[in-house]
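The structure appears right after this line, and notes come after that.
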Amino acid sequence: MDLHFSPEHETFRQEIQAFLSTNWQFEKDAKPAPEAIKAFRQLATEQGYLYRGVPKNYGGGEQPADVLKAQIIAQEFRRAGAPTEVLGVGTQMLVPTLLECGEEWQRERFVRKTIEGEYRWCQGYSEPNSGSDLASLRTRGELVGDEWVINGQKVWTSYARDANYMFALVRTEPEAPKHAGLSYLLIDLNQPGIDIRPLKQINGGTEFNEVFLENVRTPASWIVGPRGGGWKVSRSLLKHERNMIGSLDRSDALFASLLGLARRVQRDGAPALQDSAVRDRLAMLAGHLEVQRYSNYIQLTRESRGQSAGLLQMLNKLSQSNFGHLVAQTSLDLVQNDALLTGAPGRKLGNERWMNQYMGSLASSIAGGTSNIQRNIIAERGLGLPRDAANPTGEAS
Amino acid sequence: MDLHFSPEHETFRQEIQAFLSTNWQFEKDAKPAPEAIKAFRQLATEQGYLYRGVPKNYGGGEQPADVLKAQIIAQEFRRAGAPTEVLGVGTQMLVPTLLECGEEWQRERFVRKTIEGEYRWCQGYSEPNSGSDLASLRTRGELVGDEWVINGQKVWTSYARDANYMFALVRTEPEAPKHAGLSYLLIDLNQPGIDIRPLKQINGGTEFNEVFLENVRTPASWIVGPRGGGWKVSRSLLKHERNMIGSLDRSDALFASLLGLARRVQRDGAPALQDSAVRDRLAMLAGHLEVQRYSNYIQLTRESRGQSAGLLQMLNKLSQSNFGHLVAQTSLDLVQNDALLTGAPGRKLGNERWMNQYMGSLASSIAGGTSNIQRNIIAERGLGLPRDAANPTGEAS
Amino acid sequence: MNFDLTDEQRAFQDSIANYLNDACTIPAVLATFEAQSPPALQYWSGLMELGVGGLTIPEQFGGFGLELLDLAAVVETAGRFVMPGPLIEHAMAAYAISLGGTEAQQARWLPDLASGRLRATVALTEGQEGWMPGDWHMPCDDTLNGAKHYVPDALDADLIVVGLSGGRMAVVERGANGLELTALPSLDGSRRLYQVTFNATPAELLPAAQECAQRICDVGLVLLAADAYGGAKRCIEMSVEYARQRVQFGQQIGKFQAVKHQLADLAVEVEPAAGLYWYAAHAFDHERPDKASKAAALAKAHLTDVYTAASRRMIELHGGIGYTWELGAHLWLKRAVFDHNYLGRPSLHRARYASMAGW
Amino acid sequence: MNFDLTDEQRAFQDSIANYLNDACTIPAVLATFEAQSPPALQYWSGLMELGVGGLTIPEQFGGFGLELLDLAAVVETAGRFVMPGPLIEHAMAAYAISLGGTEAQQARWLPDLASGRLRATVALTEGQEGWMPGDWHMPCDDTLNGAKHYVPDALDADLIVVGLSGGRMAVVERGANGLELTALPSLDGSRRLYQVTFNATPAELLPAAQECAQRICDVGLVLLAADAYGGAKRCIEMSVEYARQRVQFGQQIGKFQAVKHQLADLAVEVEPAAGLYWYAAHAFDHERPDKASKAAALAKAHLTDVYTAASRRMIELHGGIGYTWELGAHLWLKRAVFDHNYLGRPSLHRARYASMAGW
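Residue numbers (full-length UniProt numbering), protein chains in the order written: chain G, 1 to 397; chain X, 1 to 397; chain F, 1 to 359; chain Z, 1 to 359.
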């Protein structure tokens, strides 16, 4: 057992640090011009620090998989405040899918422009009547001549207003059984018939949107995988969706803030952190946090050896949501009066910022597979309990 | 709203107190002779204080239903340490069933001797493969001449070794659908073919037994209700099974002991009860206890008016189990080192007595309908969620 | 033994519910969040017409002279509808004048508080926590100087009852000299909060308030508990309703055993807990003040904890739609947070309970 | 970055499991509860033949000189089988002599502790709580006087390492003058407890133990955490197994979504938590003692809480049969309670963690 990095990896870290100190000299709070960012990304990609899983000929960094190097890059880039890969479903979901299931011309056409940030994608999966149950999607696509004509409605589409393209699951084979009737289509959003409406969230944010599609058209060839194979293509993404390191960082930061809150807030004339009930509660949370940390290390270790992290991997999301709920409950007790407030434009945000976490922790047990669906998956695929058609896992049964 | 009893009921209380001071003059710790107890019970029954729901001609007290009078009787008898009704499934389950579903000769033959304690009953429902799912019972009864011949095995039979009779659900109509094949039979245990084996429990107690029946015989007429009607007959008992007052008393006593424990036990050189985490936890439990108390009052009030207590009634058992689990968790934290011990013959019992509650609280979420079955009942019958054949409620679907 | 609401109390709840069912729809409450001006007024007149303002005000001052339980039952119903406006604070202020004012003060203000012509609120905490009388530090001079925080619906109030050092209380009238209101960004937009600053502001002391300051706080605790019970119960009903309608994987989601059990677990927490606020309200009028205070603290702590759990569960159960502004499930969540921390977090009141219980 | 057990550690776990699978069946462990004489011996020789006794004892004294993690991995496996006997206490005693004894003492005792020819236990608390070195009050004189409580498997022990005032430690040998053992009725009958009384009993001081007394306790905390993890994991496996076999209402109970979710919720608590004890064990050998103590406290607190929850859930899930003595599910429940409160309840160690974290 060794929690340090190998000499090889430490050398790699120094290499990165040298690269960054030469090529990214902005202060933490500086706002560099978009061109500077673009140029830096390109350089870092050429060095093989970004888009490591994407071949060079599509504009990627093309490096052998090494989760430890990936972690070192993430750590050092963050420390330097340097731009990382463009975030979003385009780079994180579409690109890996195209690399795995796309045709050559599709990769050439879409990958480079996506990782350079020119094509910005949104995901068209969920529909109003298909939240957990994606197999029941109803948005229809009909092949008319050499074009798909698409009609329907998508929902929970993050950042659709910033996107110029969508990848979507569309029912193209209405006669086929549920899962077999879906195709994975790419759609240009810059056309008539597309109507994007922001969905206001309970915390006042509007990252989500409804997208209405009325006689929207896309070329017949803009299909990834075979007709009716969209479900399978969309599932191939699952292994690319994870970003454990980021989630552990968030938990660490969350806990550190909570501890700070408990130090700042007074209870009975002393910092709340001196109250034995608060100490017990925070130490309990610390236990959960360390569990996440070491589980993360175990997964990194196994993946870096090409082994499967098995059940552990299936537990990450639920662990994470549970932690968020526990933090929410604790913070409500600690913020006292400021829980009655919310952020307002132009007003300095105090402890009421915790109310965003209080609400946001609910989103995390809904988005990306509800906690109940997670439990089905854990029980059936993880623990091997007998499957039951009436116990959905978001999976074709 | 009035938490006091009416003048009529207070007069009744005085009447009871007068009766008790005249007729039960034993000290709290005295051990009166069985004859004295029997004579007292008979007198109290003639006065209409015991067996109030049983007609005089079967030896009962025969009084109009009045839950408040029943509560007053229970309170005053307990305060005086006077004998109450004979406890057990005979008086609490069989007698009401016979009164509701039995034939006249059955009532005459069995009721009086049961309430006088001469006939001691055990219940033959559960079987090894039918815990929650009673409809799948397999013990068979065949009518041979004018006798039922019974073969099979019952389990979880409380106090079977003290009983001389059993009432049992027996499959007499093997061709009929699951629930329709059961009959409710009365069986004399004093015959060959009965083999009673104690089941040792996790806390070392042996109240439960297995009862093996091999060619056991009972007269053809010792059937309550029609052939194949046993399921329905057994369900008619449900409304007699409750004893809310007793359960609230138990919760009160449990909480008072826990508080005493927290006062006695030292933590950081002071009574644990001075620790803010312990205070918070106990106040939280006090909330649950008061919820039970007032829910109990509401139910008493409604029942005394002939109204239904509806959903509240369905929640009692789960509330009670949940409270037991919370107490168990809290006591484990409080008893500290004594949690490592258990009671031993001849040794004065200290704080380790809590380990009995710690284990017993598990029994309460298993016995008499598991907590999961309770949740199904609450959701379907209480909240009106759609029934599902795959969500058992212990009820014929 | 009679532990239940009376037929009259239930009938009154029904008439309030009938009114709010039309007037206080989810879109209407959502609109109050977005309105520039304070939102309370629209429900105020309706409720006052129904007589709510005077329920617990003595008959000689134009009220009905009823008990706190009668009012609490109404607040339960208002809580079901997450009704906007300072119903609870108005009642606390009226109690302060009833119990702490001179006869002249009572005669001057109570009739108009009963009819709803005057609206009142209370200004208690000066910063963090500090809701209970022992925590009030504003000096009690001829005029008031200092600031009070988290004052609900102050802009709309004709009278503000202010907590002062030593547990004293005084009344400040709308537009008084040196009175300044700053709107705070309120999480529960249907209960708008203000910072209230006093600068040599004239105020009228309620001479007997000092002896009953805790009782006035207890009124608030009991009514918050009632609001929480009503809200939590409604959360279950809405969840059940949604679970019966929403179809996923070819069946109503209410058929999934996991959903059933989550709702059953919620029912067991919420449903039997009404008695906590009933008893606390009843004790206010019929028991020694210390016993009533204890019951009020426990009811507030327990029921507002239950409410936050219930509202969170409701949102989760609704899935993505539950997280949308439009659906309005968040109204209950935000009210639950208000009830939870306004007048002090549950753990504070559990600690008070423990002390009052002599632990 | 390499955070996992090694292939060697796993292989060793497997060989222990193979042995215990035959030797340490549920009926065998149940029999130890009922046996008149202490039950540890039957597994002792088997484990010692496999080399467990000497894992962490230095090579020059006949051990393997491995790290605490190597031993903890074995204890995890023993925990899976609720193995009777003082494995943990034996290890604590051996560490006390390794770290605190003179070279002569080491040479005298360690080889026999490594081979298992000698068995050892530890005597720490003197009444309520009082497990950590600062709580030991027995005077450290030429001979020992006083009593220690809750001493596991003392009757079977050749050496008892006793905690003394000022965090000192001394060794008492079997049959020493004035040494008296009284059996206590132990909830976990596979770890029998004794009250040990000393009456002018000769003892040999471990001169350097005072500096490392906390480290010796940390060994115990880490190993209890490992035992708890192994036990909790086994509870899930047995529950899953039963849920796959038991049929009610015409289907395996593991098909019911409620059962699925209860087990999934358990898995999320148990499965990822192994790293807590791994890290604590690793830190013992590779980090500053204060950092290692902190990790040990957290691992013990967290994992033993998880274990009690898992064992209770397992019994509930088994229904009536789970409540029977014969099935043996209670063995895990009782071990969970032992692990939970032996060496101090979780809330105590969370409070210690909070202090060590500088909160």
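The beta carbon of each residue, even a glycine, is placed where N, CA and C say it ideally should be.
C-beta neighbour in chain G for residue i, strict 8 Å
{"i": "residue 374/F", "result": "Examination of residue 374/F is not possible in this model, given that chain F is present from 1 through 359 alone."}
{"i": "ALA277/X", "result": "yes"}
{"i": "GLN195/F", "result": "no"}
{"i": "THR56/F", "result": "no"}
{"i": "SER293/Z", "result": "no"}
{"i": "ASP4/Z", "result": "yes"}
{"i": "HIS137/F", "result": "no"}
{"i": "ASP265/Z", "result": "yes"}
DSSP bridge partner residues for residue i (one or two, in chain order)
{"i": "TRP148/X", "result": "LEU143/X and THR218/X"}
{"i": "ASP2/G", "result": "ASN2/Z"}
{"i": "ILE72/G", "result": "The partner list for ILE72/G (beta bridge, DSSP) is empty, contrary to what the question assumes."}
{"i": "ASP195/X", "result": "PHE212/X"}
{"i": "SER186/F", "result": "LEU341/G"}
{"i": "CYS140/F", "result": "Paired residue(s): none; CYS140/F is not in a bridge."}
{"i": "ARG171/X", "result": "ARG140/X and LEU182/X"}
{"i": "GLU116/G", "result": "According to DSSP, which records beta bridges pairwise, GLU116/G is partnered with nothing at all."}
Under the three-state DSSP convention, the category residue i falls into
{"i": "TYR184/X", "result": "strand"}
{"i": "ALA226/F", "result": "helix"}
{"i": "SER130/X", "result": "strand"}
{"i": "GLN106/Z", "result": "helix"}
{"i": "TRP359/Z", "result": "coil"}
{"i": "TYR150/Z", "result": "strand"}
{"i": "ASN164/X", "result": "coil"}
{"i": "LEU206/Z", "result": "coil"}
{"i": "VAL86/X", "result": "coil"}
{"i": "LYS154/X", "result": "strand"}
Cutoff 8 Å: residue i Cβ touching any chain Z Cβ
{"i": "GLN252/F", "result": "no"}
{"i": "ALA258/F", "result": "yes"}
{"i": "HIS282/F", "result": "no"}
Beta carbon proximity, residue i to chain F, threshold 8 Å
{"i": "HIS149/Z", "result": "no"}
{"i": "VAL265/X", "result": "no"}
{"i": "MET244/X", "result": "At MET244/X the pLDDT is 47, less than 50, meaning the model places this residue with poor confidence and gives no usable figure here."}
{"i": "ARG381/G", "result": "no"}
{"i": "HIS90/Z", "result": "no"}
Residue i at chain X interface by Cβ criterion, 8 Å
{"i": "residue 398/G", "result": "Outside the shown range of chain G, which is 1 to 397, sits residue 398/G, and nothing can be said about it."}
{"i": "GLU269/Z", "result": "no"}
Proximity test, residue i beta-carbon vs the ligand HEM heavy atom, cut-off 7 Å
{"i": "SER276/X", "result": "The ligand HEM is absent from the structure shown, which contains no ligand whatsoever."}
(message) So, does the region 329-338 of chain G touch the region 336-355 of chain F, judging by three or more C-beta pairs under 8 Å?
(response) yes
(request) Check whether the region 367-382 of chain G touches the region 2-20 of chain Z, counting contact only when three or more Cβ pairs, one atom from each stretch, lie closer than 8 Å. (result) no
(message) Which residues of the region 295-324 of chain F have a Cβ closer than 7 Å to any Cβ of chain X? Give them in chain order.
(response) LEU298, ALA301 and HIS302
(request) Below 8 Å between beta carbons is the criterion; list the residues of the region 169-197 of chain Z that meet it against any residue of chain X, in chain order. (result) Taking 8 Å as the cut-off between beta carbons, the residues of the region 169-197 of chain Z near chain X are LEU184, PRO185, SER186, LEU187, ASP188 and LEU193, in sequence order.
(message) For the region 90-108 of chain Z against the region 299-314 of chain X, do three or more pairs of beta-carbon atoms, one drawn from each stretch, fall closer than 8 Å, so that the two count as touching?
(response) no
(request) Report the residues of the region 337-352 of chain Z with a CB closer than 9 Å to any CB of chain X, ordered along the chain. (result) VAL337, PHE338, HIS340, ASN341, TYR342, GLY344, ARG345, PRO346, SER347, LEU348 and ALA351
(request) Taking 8 Å as the threshold, find out whether the region 160-173 of chain F comes into contact with the region 201-218 of chain F through three or more Cβ pairs. (result) yes
(message) To be precise: take each residue of the region 208-235 of chain F, compare its Cβ to all Cβ atoms of chain G, and keep it if any distance is under 8 Å. Which residues remain?
(response) Taking 8 Å as the Cβ-Cβ cut-off against chain G, none of the residues of the region 208-235 of chain F qualify.
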